[in-house]
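Chains A and B are the protein sequences, given in the same order.
14 is the number of the first residue of the first sequence in the working numbering; add one for each residue after it.
3 is the number of the first residue of the second sequence in the working numbering; add one for each residue after it.
Backbone N, C-alpha and C fix where the C-beta goes; we use that ideal spot for every residue, glycine too.
Please read these numbers as outputs of a predicted model, since none were measured by experiment.
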Amino acid sequence: MGKPKFAFYWCASCGGCEETVLDLNEKILEVVDKVDIVFWPVALDFKRKDIEVMKEGEIDVAFINGAIRTSEQEEMAKLLREKAKLVVAFGACAQLGGIPGLANFWVRSDIFDRIYKKVPTVANPEGVVPQQVVEMDGYKLTLPEFYDTVKTLDQTIPVDYYLPGCPPPPDLIMNAIETILKGELPEKGTVLAPDKALCDTCPRNETKPEKLSIKDIKRPHEVIIDPEKCFLAQGIICLGPVTRSGCGERCINANMPCRGCMGPTSEVRDQGAKAVSFIASILGVEDEEKLSEEEVQKLIDKIVDPAGTFYRFSLPASLLRRRRK
Amino acid sequence: MEPRIGVFVCHCGINIASTVDVKRVVEAIKGYPGVVHAEDYVYMCSDPGQELIRSRIKEKKLNGVVVAACSPTLHEATFRNTVSQVGLNPYRCEIANIREHCSWIHTDRDKATEKAIKIVKSIVEKVKLNDELLPISIPITKRALVIGGGIAGIQAALDIANAGYEVILVEKNPSIGGHMAQLSETFPTLDCAQCILTPKMVEVGQHPNIKLYNYAEVEDLSGYVGNFKVKIRLKASYVDWSKCVGCGVCMEKCPTKVPSEFEMGLTTRKAIYVPFPQAVPNKPVIDRENCLYFKTGKCRICEKVCTFGAIKFDEQDEFVEEEVGAIIVATGYELYPIEKIGEYGGGKYKDVINGLQFERLLSASGPTGGGVQRPSDRKVPKRVAFVSCVGSRDPELHKPYCSKVCCMYLTKHAMLYKHRVPDGEPIVFYIDIRSDGKGYEEFVQRAQEEEHVTYIRGKVSKIYEDNGELVLLAVDTLTGEPLEVRVDMVVLGMAIVPSPAVYELAKKLKIQIDANGFLTEAHPKLRPVETLTPGIFLAGCAHAPKDIPDTVAQASAAASKVLEMFSQKELQHDPMVATVDEDRCSGCGVCVTLCPYGAREIEVKDGKRVAKVNEAKCEGCGSCIAGCPAGACQQRNLKDEQLVNMVKAVLE
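Dropping the structure here:
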């Protein structure tokens, strides 16, 4: 029997998920030793047609990163699903929609308008925007369709496992690969990461006051952040309580609050809604009764871009998925 | 457990059946997954109705019951009791409210029936996943704490003590008695306040079941219903009451005079003082703020003259801890400060006084011996204006509510003034006269018709002094005529506001206060003397302005609630409380902040923070569950899975 066949593919994402594979460092050699990488456009010269000729189920695992926002990405996802025994949604964008998913606060025309016409560094006097089909010198040129709505991978194809994070931490990747190679697979649909929220492993959890309360909201650049104290106790919005652990507290250790890239724990359906709920729960507590409506509003208004803050990585996976058109 | 659910649809006479087609509900639910039996009956809560449910449980081997009827508040206990009589766990029975939530609020029979079916389906979904639960038993300490020694606290303490249980009574002032002790005579019978109050004060002081901590305050409270621990601060009185015999020589010789709180500043007391001669206990305290020795380090005259060696300047505040099972809060009221009413002089006119000051002027034990004299020059005022609704019923500037007693006491004041000064002329300014108590309207009629008190319907817009007289500007709203009335003295019916310390106390006790600072009852009609925190009850003006009969009635009601608790061996607590999945809890602590009952706390287990639920304290409100950012909390029999299934059943 040959080595298991792995495929990697990149949809709507920044490329960080590809790099994180390399962050396995020398361990990547162990991986390459044990598996055949049959498809990895960013690193190896295989083409779509190479996949198309494969048999159903010929690939053992397809790791797909990025959200789905074009017809090409959808086609590739479907193709890989057909050819792979297991599909792993790799990283926050594939799992939850990620940063590209924030586009769901707009529609395509808004986005094209901005990117191709209004960005200050763009000079486009004729107002050219990408078209799906263009005739030129008798030739028909086509581009994939750019969808109005960004989708998660599992809104496009069935997904077997999820590797969360922006990007997924190398130890979780290694752990997932080893689990797959050993064949000790958990229940389908499992997120291959711990299922407790980040506070559990946060080195600052002990510094929380008896009653957590935010009396004033600060953004990280507005204050000198105490490197040991719980961010929430300092009035800085931290999504640690509403975010899965397993990231290695990378942001926390860099003295930055959690932004939620690992997604919610398995019991939570909508990370952003939970975030709103828990922040509201600790906002202005104790003096709440004494605050006037205006003061409450003022405090809430200090959350700059609440939708983007609470749904930074998970808008397409939320209950509402997008802004109303 | 394979669900075998029976659905029993009640007509509630015509209450449900006239708007909801109950037969259609039965037919629609018959084939619903998990439902093995459905039928309707005209009054499900009646004896035959309950028997129907019991026999069907046995016949059809039902393991879950849905009664589609009225509100669970009304009959949940009834039907849970019914099913448990034939061995079904009571928590496998739920009410689908198709009356208050459906038939009563709709008119379209078709749509109402559709809605009723959806409500029933969603409750069936809930019952499917309901666990069999047992009530949580809590032991109970059969001692009560009463906070506040006014008439409310006195009545409550006596009722409980007379029933044979110990009472801890905490009073912040040197003496119990509260504001009632300051009153002259009481409406509508004009019996003397002192005469009816002081025997009760004495009874409290001597009662073997009452432990009185006067000059003391509640410092902290922990625990929960049946098992409270209260920390009480005993303020330093600098007098050893075990040695003091109350001879009064110290007070006589003390050189420092201070305005008397009891006499509403109309006269003075000494720095070592007993608030009033009938005080209980009749033991002096030293007012540290004003005592010459504490201020300058010299004097100690009281120490020298005390032949019993009872003065001890080195005394410190002390703390005691008491365990109690129930608490009655009776912290009373204050009058809205006159300083806030600029248009009436804001306190700068000596002869514009408040109702309690006038009570002292009328009182036989007051500074004038009951003769009405105005404070500025001790002259007998020949014309006195009584102004109602000062600060009350004024949502723009002051308090929106009616202070309830002012109409009556101003009427009483006018009448008593007329008795003391027969040629005097009392004029009452009012907006409306509220005289809704027993014998109250007759009392007002008597003042108007027999005692010839003048009543003018109109709010006084301004009071100013002119040539030794006070001038009131008003409009008689019955004639539309602007008035300028000159009088010798004005009595203001100031708004009643809660005692200022109540805000801090409410925080310590974790009970709610309303927008006006009064303590909130659990239900305005059905639970008027309970707070939302189990084991804590309310009495008197701390809850809302009220007169003496209402206060006494509420105090006795609160006491009977306490006695109801004490009559049980142990307390039963609803088991539908929050639970924590420790494998999911990250110890973020949001639940601790959220819990209004202090039932959530963080424990450190193997070096990790993890949240706990104190089941006895948890009221199952669900706040922590909604707020838990990790989905690590669930409420028993209201699990997320149940809620989702219920919503799905409705949206189908």
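- For E280 (chain A), the nearest beta carbon of chain B is closer than 8 Å to its own beta carbon.
- Chain-ordered, the chain A residues with CB closer than 9 Å to the CB of S588 (chain B) read K209, A210, L211, C212, D213, T214, C215, N218, G253, P254, S258 and T278.
- Check the Cα spacing between Y419 (chain B) and each of B:G373, B:E572, B:P257 and B:R145: the tightest is with B:G373.
- I295 (chain A) reaches chain B at V592 and T595, counting residues in chain order whose Cβ is nearer than 7 Å.
- With a contact defined as Cβ atoms closer than 8 Å, P176 (chain B) and N216 (chain B) qualify at about 6 Å.
- Pairwise C-beta distances place the segment 253–261 of chain A in contact with the segment 631–642 of chain B, as three or more of them are shorter than 8 Å.
- Counting along the chain, the unbroken alpha helix (DSSP H) around Y411 (chain B) starts and ends at C408 to R422.
- Within the same chain, Cβ atoms closer than 6 Å to the Cβ of L90 (chain B) are found at I59, the five residues on either side in sequence being excluded.
- Secondary structure note for P50 (chain B): its alpha helix (DSSP H) is the uninterrupted segment D49 to K62.
- If you compare the alpha carbons of B:E444, B:V44, B:T413 and B:H421 with that of Y432 (chain B), the shortest gap goes to B:T413.
- Burial is judged here by how many other beta carbons sit within 10 angstroms of a residue's own beta carbon; Y442 (chain B) has at least 16 and is buried.
- With a 10 Å radius around the Cβ and a threshold of 16 neighbouring Cβ atoms, A503 (chain B) comes out exposed.
- Contact with chain B is absent for E200 (chain A), since none of that chain's Cβ atoms lies less than 8 Å from the residue's Cβ.
- DSSP, read as helix, strand or coil, puts V612 (chain B) in strand.
- Chain-order list of chain B residues neighbouring F159 (chain A): empty, with the shortest C-beta distance near 33 Å, by a criterion of under 7 Å.
- Taking S378 (chain B) as the centre and dropping the five residues before and after it, the same chain places the C-beta of K352 and D353 closer than 7 Å to its C-beta, in chain order.
- Closer than 8 Å to the CB of K610 (chain B) there is at least one CB belonging to chain A.
- In the three-state reduction of the DSSP assignment, Q208 (chain B) falls in the helix class.
- Contacts with chain B at 8 Å (Cβ-Cβ) include S290 (chain A).
- It is roughly 36 Å from the alpha-carbon of R232 (chain A) to the alpha-carbon of N616 (chain B).
- Taking 4 residues as the shortest admissible run, the segment 100–176 of chain A contains the following complete alpha helix (DSSP H) segments, listed from N- to C-terminal end: 105–109 and 121–126.
- Counting only the Cα atoms, V322 (chain B) lies some 25 Å from I140 (chain B).
- By the Cβ-count criterion, I128 (chain A) is exposed, with fewer than 16 other Cβ atoms from all chains shown falling within 10 Å of its own Cβ.
- I458 (chain B) sits buried, since 16 or more C-beta atoms from the chains shown fall within 10 Å of its C-beta.
- Taking A75 (chain A) as the centre and dropping the five residues before and after it, the same chain places the C-beta of A20, L93, A97 and V100 closer than 6 Å to its C-beta, in chain order.
- Near chain A, meaning a CB-to-CB distance below 8 Å, the residues of the segment 605–634 of chain B are K610, R611, S625, A628, G629, C630, P631, A632, G633 and A634.
- Straight through space, the alpha carbons of K527 (chain B) and C14 (chain B) are spaced by roughly 23 Å.
- Taking 8 Å as the cut-off, the beta carbon of V612 (chain B) is found no closer than this to the beta carbon of C590 (chain B).
- The DSSP-derived three-state label of I153 (chain B) is helix.
- Look at C260 (chain A) here: in three-state DSSP terms it is coil, with no helix or strand label.
- When the beta-carbon positions are compared, A80 (chain A) and K16 (chain A) stay at least 8 Å from each other.
- Contact annotation, H400 (chain B) with A497 (chain B): C-beta distance approximately 6 Å; criterion of less than 8 Å satisfied.
- In terms of Cβ geometry, I513 (chain B) and I538 (chain B) form a close pair [threshold 8 Å].
- Shown here, M496 (chain B) sits in a strand according to DSSP, grouped into three states.
- Beta-carbon to beta-carbon, K272 (chain B) and K259 (chain B) are separated by about 6 Å, close enough to satisfy the 8 Å threshold.
- B:C623 is the residue among B:P577, B:G609, B:C623 and B:Q574 whose C-alpha sits nearest the C-alpha of P598 (chain B).
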